[in-house]
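Engineer: Those sequence lines, one after another, are chains A and B.
Anchor point for the first sequence: position 123 equals 123 in UniProt numbering, and the numbering is continuous, going up by one each time.
Anchor point for the second sequence: position 117 equals 117 in UniProt numbering, and the numbering is continuous, going up by one each time.
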Amino acid sequence: FATFMGSVLAASSPPPPGSGVVQGAPGLVSVPPGFSMPPVPPPSVPGQPAVEIGSPLPNPGTYEECHRKCKEVFPIQMEGVRLVVNKGLSNHFQVSHTVTLSTLAESGYRFGATYVGTQQTGPAESFPVMVGDMDNTGSLNAQVIHQLTSAVRSKIAIQTQQHKFVNWQCDMEYRGDDFTSAVTLGNPDVLLGSGIIVAHYLQSISPALALGGELVYHRRPGEEGAVTSLMGRYTGNNYVATLTLGGAGAHATYYHRANDQLQLGVEFEGSMRTQETAVSFGYQLDLPKANLLFKGSVDSNWVVGAVLEKKLLPLPLSLALGAFLNQKKNKFQCGFNVTVG
Amino acid sequence: MAGIEELSPAAGPVETRPPEGEIDEDEDEELDETIMERLWGLTEMFPDTLRSAAEVTASGSVTVAKKLYSFSRTALWVGTTSFMILVLPVVFETERLQLEQQQLQQQRQILLGPNAGMSGGMPGLMPPAPVKM
Numbered sequence: 001f002a003t004f005m006g007s008v009l010a011a012s013s014p015p016p017p018g019s020g021v022v023q024g025a026p027g028l029v030s031v032p033p034g035f036s037m038p039p040v041p042p043p044s045v046p047g048q049p050a051v052e053i054g055s056p057l058p059n060p061g062t063y064e065e066c067h068r069k070c071k072e073v074f075p076i077q078m079e080g081v082r083l084v085v086n087k088g089l090s091n092h093f094q095v096s097h098t099v100t101l102s103t104l105a106e107s108g109y110r111f112g113a114t115y116v117g118t119q120q121t122g123p124a125e126s127f128p129v130m131v132g133d134m135d136n137t138g139s140l141n142a143q144v145i146h147q148l149t150s151a152v153r154s155k156i157a158i159q160t161q162q163h164k165f166v167n168w169q170c171d172m173e174y175r176g177d178d179f180t181s182a183v184t185l186g187n188p189d190v191l192l193g194s195g196i197i198v199a200h201y202l203q204s205i206s207p208a209l210a211l212g213g214e215l216v217y218h219r220r221p222g223e224e225g226a227v228t229s230l231m232g233r234y235t236g237n238n239y240v241a242t243l244t245l246g247g248a249g250a251h252a253t254y255y256h257r258a259n260d261q262l263q264l265g266v267e268f269e270g271s272m273r274t275q276e277t278a279v280s281f282g283y284q285l286d287l288p289k290a291n292l293l294f295k296g297s298v299d300s301n302w303v304v305g306a307v308l309e310k311k312l313l314p315l316p317l318s319l320a321l322g323a324f325l326n327q328k329k330n331k332f333q334c335g336f337n338v339t340v341g
Numbered sequence: 001m002a003g004i005e006e007l008s009p010a011a012g013p014v015e016t017r018p019p020e021g022e023i024d025e026d027e028d029e030e031l032d033e034t035i036m037e038r039l040w041g042l043t044e045m046f047p048d049t050l051r052s053a054a055e056v057t058a059s060g061s062v063t064v065a066k067k068l069y070s071f072s073r074t075a076l077w078v079g080t081t082s083f084m085i086l087v088l089p090v091v092f093e094t095e096r097l098q099l100e101q102q103q104l105q106q107q108r109q110i111l112l113g114p115n116a117g118m119s120g121g122m123p124g125l126m127p128p129a130p131v132k133m
């Protein structure tokens, strides 16, 4: 079951905005893929010039994953009660039932299914991966991820709200030896002549440094526009620093692994549009002996929050308690999740 | 012409003030009411700069005391709730873990201790296998 979950995580790219597609993933799974330590360069033979040019650079991973390592340290805001039951029907197929009871949003039931195919590309990755879930109101989220050739991976995602299609996108990613490029076509509408095209490129400059860029071109009948941004990521011994600068603002994250129990993250975000900046500090404490995972965060908007996840062995049960408090506005939100299986 | 005769110097001393007893009563009544005013009036002997400086210091320190009080109230509340959310659950869980481990150790000692004592007298016996928790 653990390898099954590992392959689902390895294969799935980040979920489409505003959806909670890959819900079955428990919080205590190991480091996500894409984070690779730089390789040791081969020793230079005496009498030859330095081997820098010839030494292989690692593939830098995808563009979206660069900020993800730091973001995962932060707790998510929980509200209301949620019960998730995951059941693996076979090695390739998994089903999940989610019941949500909440005071602020609507309560509902969501059914999700995940299918992992038979084409295995790596120890933990199998393709194609099909993930779908449907709400009790009829809203559907679906994703299909497939590895077309050894270097090209493609994904199609659809999101509907009841019967109306809200999001439909297709993306193609090419992984070279030391670079990754991806093109995403979002909500293309041939009849209206509208759509969004996003192009990403990320190149390894040195074993520790990766630079990349993003170009977003959006078009609606009557207006069109483009936004570009540049990104740099530096990986150290036990830290990762990432900076994104663009027309939409600046975003910088720093992730630090203090020891095998404590991970820290600092995030700075500044937006051109709303002329606001925010700094947040988060930490994650891992105590496998106590079956405990604790995430806490403090924000410059005077928001304090924490999530406590505890595995209730010997049952395959896990309990997550979350609390978020906005000191300035004096607003408090808490919730808990129970995950079975 | 009787009025002119009264006014002549030969008529005797002229009564211009009330008698002594009446003066004392009046001044006593005035004394009780105006003691604060009399004390305040004493401060008028200090120079103006000193008086204004003292006034500014006094009102300033009252304001500072009020602000400090309200700041310490807010700081105490913010500190307590943030500590409660960020640190307390971890403290509870680590203490619980420590207690559990202590308990396990104690149980192990209790189970193996007396057994070791009992089988000490019989040299041929094998020592008891450790109990799996």
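Heads up, the beta-carbon is just placed ideally off N, CA and C, and yes, glycines get one too.
Since this is a predicted model, take the numbers as computed values, not measurements.
To which residues does DSSP link Cys334(A) through a beta bridge?
Structural biologist: On the first sequence, residue 334(A) is found 334 positions in, with the first residue counted as 1. The partner list for Cys334(A) (beta bridge, DSSP) reads Ala323(A).
Engineer: Expressed to the nearest angstrom, what Euclidean distance is found between the alpha-carbon atoms of Ala53(B) and Gly265(A)?
Structural biologist: By 1-based counting over the second sequence, the position of residue 53(B) is 53. By 1-based counting over the first sequence, the position of residue 265(A) is 265. If I take the Cα positions, the gap works out to 51 Å.
Engineer: Are the C-beta atoms of Thr80(B) and some chain A residue less than 7 Å apart?
Structural biologist: Walking along the second sequence from the start, residue 80(B) turns up at place 80. No, its Cβ sits nowhere closer than 7 Å to a Cβ of chain A.
Engineer: So, is Ala258(A) buried or exposed, given that buried needs 16 or more other C-beta atoms within 10 angstroms?
Structural biologist: For this step, residue 258(A) is matched to residue 258 along the first sequence. Exposed, by the Cβ-count rule.
Engineer: For Thr94(B), return the contacting residues in chain A, with the cut-off set at a CB-CB distance below 8 Å.
Structural biologist: By one-based count along the second sequence, residue 94(B) stands at place 94. Correct list: Leu287, Ala290.
Engineer: Are the C-beta of Leu308(A) and some C-beta of chain B separated by less than 7 Å?
Structural biologist: As a first step, residue 308(A) must be located in the first sequence, where it is residue number 308. Closer than 7 Å: yes.
Engineer: Tell me the DSSP bridge mates of His251(A)?
Structural biologist: Residue 251(A) sits at position 251 when you count from the first residue of the first sequence. According to DSSP, which records beta bridges pairwise, His251(A) is partnered with Thr244(A), Glu269(A).
Engineer: Would the segment 85 to 103 of chain A count as touching the segment 304 to 311 of chain A if we require 3 or more Cβ pairs under 8 Å?
Structural biologist: The segment 85 to 103 of chain A is not in contact with the segment 304 to 311 of chain A.
Engineer: Tell me which residues of the segment 262 to 274 of chain A have at least one Cβ-Cβ distance to chain D shorter than 7 Å, keeping chain order.
Structural biologist: The structure shown contains no chain D; its protein chains are A and B.
Engineer: Alpha carbons only, please: which of Pro75(A), Leu83(A), Lys87(A), Asn91(A) is nearest the one belonging to Pro86(B)?
Structural biologist: Looking up residue 86(B) in the second sequence gives position 86. According to the sequence displayed, residue 86(B) carries Leu and not Pro. Looking at the Cα atoms, Pro75(A) is the closest of the given residues.
Engineer: List the residues that DSSP assigns as beta-bridge partners of Trp168(A).
Structural biologist: Along the first sequence, read from residue 1 onward, the residue named residue 168(A) stands at position 168. Paired residue(s): Ile158(A).
Engineer: If we cut at 7 Å on Cβ distances, does Gly113(B) have a partner in chain A?
Structural biologist: To locate residue 113(B), count along the second sequence from 1; it is residue 113. Chain A, which has no Cβ nearer than 7 Å to the Cβ of Gly113(B), makes this no.
Engineer: Closer than 7 Å by beta-carbon distance: list the chain B residues that pair up with Ala208(A), in chain order.
Structural biologist: Here residue 208(A) refers to the residue found at position 208 of the first sequence. What Ala208(A) touches in chain B: nothing, since even the nearest Cβ is about 32 Å away.
Engineer: What does a CB cutoff of less than 6 Å around Val216(A) pick up in its chain, not counting 5 residues either side in sequence?
Structural biologist: For this step, residue 216(A) is matched to residue 216 along the first sequence. Here the set comprises Val198, Val227.
Engineer: Taking only beta-carbon positions, decide if Gly296(A) is within less than 7 Å of chain B.
Structural biologist: Within the first sequence, the letter at position 296 stands for residue 296(A). So, interface residue.
Engineer: What are the residues in the segment 300 to 327 of chain A lying within 9 Å of chain B by C-beta distance?
Structural biologist: Of all residues in the segment 300 to 327 of chain A, Trp302, Val304, Gly305, Ala306, Leu308, Lys310, Leu321, Ala323, Phe324, Leu325, Gln327 have a Cβ within less than 9 Å of some Cβ in chain B.
Engineer: In the DSSP assignment, find the beta strand (DSSP E) that holds Met130(A) and state where it starts and stops.
Structural biologist: Working through the first sequence from its first residue, we reach residue 130(A) at position 130. Residues 126 to 135.
Engineer: For Leu86(B), go through chain A and note every residue whose CB falls closer than 8 Å to its CB, in chain order.
Structural biologist: Sequence index remark: in the second sequence, residue 86(B) carries index 86 (1-based). In chain order: Gly296, Val298, Val304, Ala306.
Engineer: Can you look up Glu37(B) in the DSSP assignment and give me helix, strand or coil?
Structural biologist: For the purposes of this step, residue 37(B) is taken as the residue at position 37 of the second sequence. Helix at Glu37(B).
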